[in-house]
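Colleague:
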Amino acid sequence: MSNRMISKEKDVVALGELLIDFTESAPDDRGMSQFCANPGGAPCNVLAMLHNLGYKAAFIGKVGNDMFGQMLEHMAAAAGIDMSGLVKSDCYQTTLAFVQTKDNGDRDFAFYRKNGADAMLEEEEVNTSLIEAAKVFHFGTLSMTDEVGEQATKAAIAAAKNSGCLISFDPNYREPLWRSEAYAREKIAWGLRACDVLKISDNEITLMTGETDYRKGVRMLQEEYQIPLVFATLGPDGSMAFWNDKEVAVPGFINEHTIETTGAGDTFCACALGKLLELADGSDLWDKSAIFDKINEENMTALLTYANAAASIITTRKGALCVMPQKEEIEEFLSSYS
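The numbering used here puts the sequence shown at residues 5 to 342.
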């Protein structure tokens with residue numbers, strides 16, 4: 005890892021999808037399903053939560069120059085995200101997703117994304133100055149479902165590595181958006197090779213390793229891809245952290261008010277990144293290796309507990325980006341349990 009000390013103005017920059025989530029709401033008086041338009045997209049959800057934690061966050065991506073794209077730009081900016089890296093296209097429309105909630109809070113997705121603007125970000129449209137100013141660069145795989153967006157993503161990561169950023173990766177696997185499972189696995193594997201910090205869900209561990217023993221699966225990934233730090237999210241069973249030959253596990257918070265799980269993983273990811281940034285002592289002089297030198301069982305247990313609590317809170321709300329919990333809410337939630 006680099007030992008360079010670099011001056012940084014941004015805490016986290018994320019690249020990827022920004023779209024409209026039409027989330028299912030109560031049926032009307034005829035019994036017909038209704039859907040509410042919410043801003044969505046995992047990278048911006050992460051950034052909105054980071055802003056609530058007091059960090060400087062910026063987004064790089066593409067939307068259509070249409071009513072939905074304008075809405076997304078406005079609402080993400082209102083959530084405290086620097087949107088100077090957003091490109092608005094007159095050629096491609098903003099992506100739409102319809103989200104239906106099952107009885108257990110899990111979700112089914114229907115995407116309207118053929119030639120969606122978020123997948124058509126071009127390499128020359130990537131605002132590399134934002135990346136150079138960032139301590140952490142965060143991305144997922146949905147920007148790599150199309151070859152155009154894939155090249156932009158790879159160029160952004162090259163800039164991030166060259167700038168000494170901590171590289172954070174969340175596969176965020178959504179089966180309907182991929183031409184095949186094998187193709188998705190190929191792109192996820194590329195992300196695994198590129199990252200310093202991985203946030204991966206239980207079903208993604210199984211997808212990439214075939215293992216339902218999640219501990220064994222994570223260790224397989226760490227060994228093959230040499231990932232310094234892995235966070236595994238296990239739904240209501242909580243989460244785990246893996247580094248070197250050590251690991252810690254923290255159970256989840258079962259919340260009687262849970263209505264859906266949209267944004268839970270993104271909330272967890274943001275809180276994890278925020279706690280890692282705390283280990284850097286808030287200095288604008290950045291050396292990512294200093295974070296890994298400070299990781300121990302005590303601060304990883306505290307990190308998982310905090311991130312689990314925030315994720316539990318977001319499951320009680322419709323949507324994600326505009327309703328991320330505040331620091332005070334998380335602290336009050338934890339106090340009620342302690």
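Where is the CB? At the ideal position from N, CA and C, for every residue including glycine. Source: prediction; values computed, not measured.
Output needed for Val-254: all residues of its chain with C-beta closer than 8 Å, excluding positions within five of it in sequence on either side, in chain order.
Modeller: The count along the sequence shown starts at 1 and reaches residue 254 at position 250. Take Val-254, set aside five residues on each side of it, and the residues of its chain with a beta-carbon closer than 8 Å to its own are Gly-242, Ser-243, Met-244, Thr-305, Leu-308, Thr-309 and Asn-312, in chain order.
Colleague: State buried or exposed for Leu-289, treating a residue as buried only when at least 16 other CB atoms are found within 10 Å of its CB.
Modeller: Here residue 289 corresponds to residue number 285 of the sequence shown, with the count starting at 1. Exposed: under 16 other Cβ atoms inside 10 Å.
Colleague: Quick one, are the C-beta atoms of Leu-238 and Asn-49 less than 8 Å apart?
Modeller: Here residue 238 refers to the residue found at position 234 when the sequence shown is read from its first residue. Here residue 49 refers to the residue found at position 45 when the sequence shown is read from its first residue. Result no, Cβ atoms of Leu-238 and Asn-49 do not sit closer than 8 Å.
Colleague: Around the C-beta of Lys-316, are 16 or more other C-beta atoms found within 10 angstroms, so that it is buried, or is it exposed?
Modeller: Here residue 316 refers to the residue found at position 312 when the sequence shown is read from its first residue. The sequence as given places Ser at residue 316; Lys does not occur at that position. Ser-316 comes out buried.
Colleague: Among Thr-319, Leu-283, Ser-184 and Lys-14, which one has its Cα closest to the Cα of Asp-86?
Modeller: Walking along the sequence shown from the start, residue 86 turns up at place 82. Checked all of Thr-319, Leu-283, Ser-184 and Lys-14; the closest Cα to Asp-86 is Lys-14.
Colleague: Quick one: residues in its chain with C-beta nearer than 7 Å to the C-beta of Val-103, no 5 flanking neighbours on either side, listed in chain order?
Modeller: The sequence position of residue 103 within the sequence shown is 99, counting from 1. Annotation for Val-103: Asp-25, Phe-26, Thr-27, Glu-28, Arg-111, Phe-113 and Thr-266 place their beta carbon closer than 7 Å to its own, counting only its chain and skipping 5 residues before and after.
Colleague: Taking Glu-84 as the reference, which of Leu-90, Ala-52 and Ala-236 has the closest Cα?
Modeller: By one-based count along the sequence shown, residue 84 stands at place 80. In the sequence under discussion, the amino acid at residue 84 is Gly, which differs from the Glu named in the question. It is Ala-52 whose Cα lies nearest to the Cα of Gly-84.
Colleague: Strictly by DSSP, which residues pair up with Val-103?
Modeller: The residue labelled residue 103 in the question sits at position 99 within the sequence shown. BP columns for Val-103 point to Thr-27 and Phe-113.
Colleague: For Met-224, which residues in the same chain have their Cβ closer than 6 Å to its Cβ, ignoring the five residues on either side in sequence?
Modeller: Position 220 of the sequence shown holds residue 224. The answer, listed in chain order, is Thr-213.
Colleague: Tell me whether Met-244 sits in a helix, a strand or coil according to DSSP, three-state version.
Modeller: For the purposes of this step, residue 244 is identified with residue 240 of the sequence shown, where counting begins at 1. In the three-state reduction of the DSSP assignment, Met-244 falls in the strand class.
Colleague: Rounded to a whole number of angstroms, what is the C-alpha to C-alpha distance between Gly-221 and Ala-276?
Modeller: As a working mapping, residue 221 is identified with position 217 in the sequence shown. As a working mapping, residue 276 is identified with position 272 in the sequence shown. Near 21 Å, if we compare the C-alpha coordinates of Ala-276 and Gly-221.
Colleague: So, are the CB atoms of Leu-281 and Lys-139 less than 8 Å apart?
Modeller: Taking the sequence shown and counting its residues from 1, one reaches residue 281 at position 277. Taking the sequence shown and counting its residues from 1, one reaches residue 139 at position 135. Their beta carbons are under 8 Å apart, which means Leu-281 touches Lys-139 by this criterion.
Colleague: Which class does Glu-251 belong to by DSSP, given the choice of helix, strand or coil?
Modeller: Along the sequence shown, one-based indexing puts residue 251 at 247. Three-state result, Glu-251: strand.
Colleague: For Asp-86, list the residues DSSP reports as bridge partners.
Modeller: Translated into positions along the sequence shown, residue 86 becomes position 82. Note: Asp-86 sits in a beta bridge opposite Ala-62.
Colleague: Span of the beta strand (DSSP E) holding Pro-43?
Modeller: As a working note, residue 43 is residue 39 in the sequence shown. That run of the beta strand (DSSP E) goes 38–44.
Colleague: Tell me the DSSP secondary structure of His-78 in three-state form.
Modeller: One-based indexing of the sequence shown puts residue 78 at position 74. DSSP places His-78 in helix when its eight states are reduced to three.
Colleague: Does the Cβ-Cβ distance between Gly-65 and Leu-19 come in under 8 Å?
Modeller: Sequence index remark: in the sequence shown, residue 65 carries index 61 (1-based). Sequence index remark: in the sequence shown, residue 19 carries index 15 (1-based). Yes.
Colleague: Can Tyr-59 and Val-16 be called in contact, C-beta distance under 8 Å?
Modeller: Counting from 1 along the sequence shown, the entry for residue 59 is found at position 55. Counting from 1 along the sequence shown, the entry for residue 16 is found at position 12. Taking 8 Å as the Cβ cut-off, Tyr-59 and Val-16 qualify as a contacting pair.
Colleague: Following the continuous alpha helix (DSSP H) through Leu-281, name the residue where it begins and the one where it ends.
Modeller: The count along the sequence shown starts at 1 and reaches residue 281 at position 277. Per DSSP, Leu-281 belongs to the alpha helix (DSSP H) from 268–283.
Colleague: Check for me: the alpha helix (DSSP H) holding Asp-206 runs from which residue to which?
Modeller: For the purposes of this step, residue 206 is identified with residue 202 of the sequence shown, where counting begins at 1. 206–213 is the span of the alpha helix (DSSP H), which, as asked, contains Asp-206.
Colleague: Give the single residue among His-261, Pro-240 and Gln-226 whose Cα lies nearest to the Cα of Ile-209.
Modeller: Translated into the one-based positions of the sequence shown, residue 209 becomes position 205. In this structure, Gln-226 is the residue among His-261, Pro-240 and Gln-226 with its C-alpha nearest to the C-alpha of Ile-209.
Colleague: Mind checking whether Thr-132 and Lys-191 have CB atoms under 8 Å apart?
Modeller: Translated into the one-based positions of the sequence shown, residue 132 becomes position 128. Translated into the one-based positions of the sequence shown, residue 191 becomes position 187. No, the pair does not count as a contact, with Cβ atoms beyond the cut-off.
Colleague: Can you round the beta-carbon distance between Glu-21 and Gly-45 to whole angstroms, since I take them to be within the 8 Å contact cut?
Modeller: Numbered from 1 along the sequence shown, position 17 holds the residue referred to as residue 21. Numbered from 1 along the sequence shown, position 41 holds the residue referred to as residue 45. Contact flag correct, Cβ pair sits at about 4 Å.
Colleague: Please state the DSSP three-state secondary structure of Val-140.
Modeller: Counting from 1 along the sequence shown, the entry for residue 140 is found at position 136. Looking at Val-140 - three-state DSSP - the assignment turns out to be strand.
Colleague: Quick one: Cα of Leu-125 to Cα of Gly-153, how far?
Modeller: Here residue 125 refers to the residue found at position 121 of the sequence shown. Here residue 153 refers to the residue found at position 149 of the sequence shown. C-alpha of Leu-125 to C-alpha of Gly-153: approximately 5 Å in a straight line.
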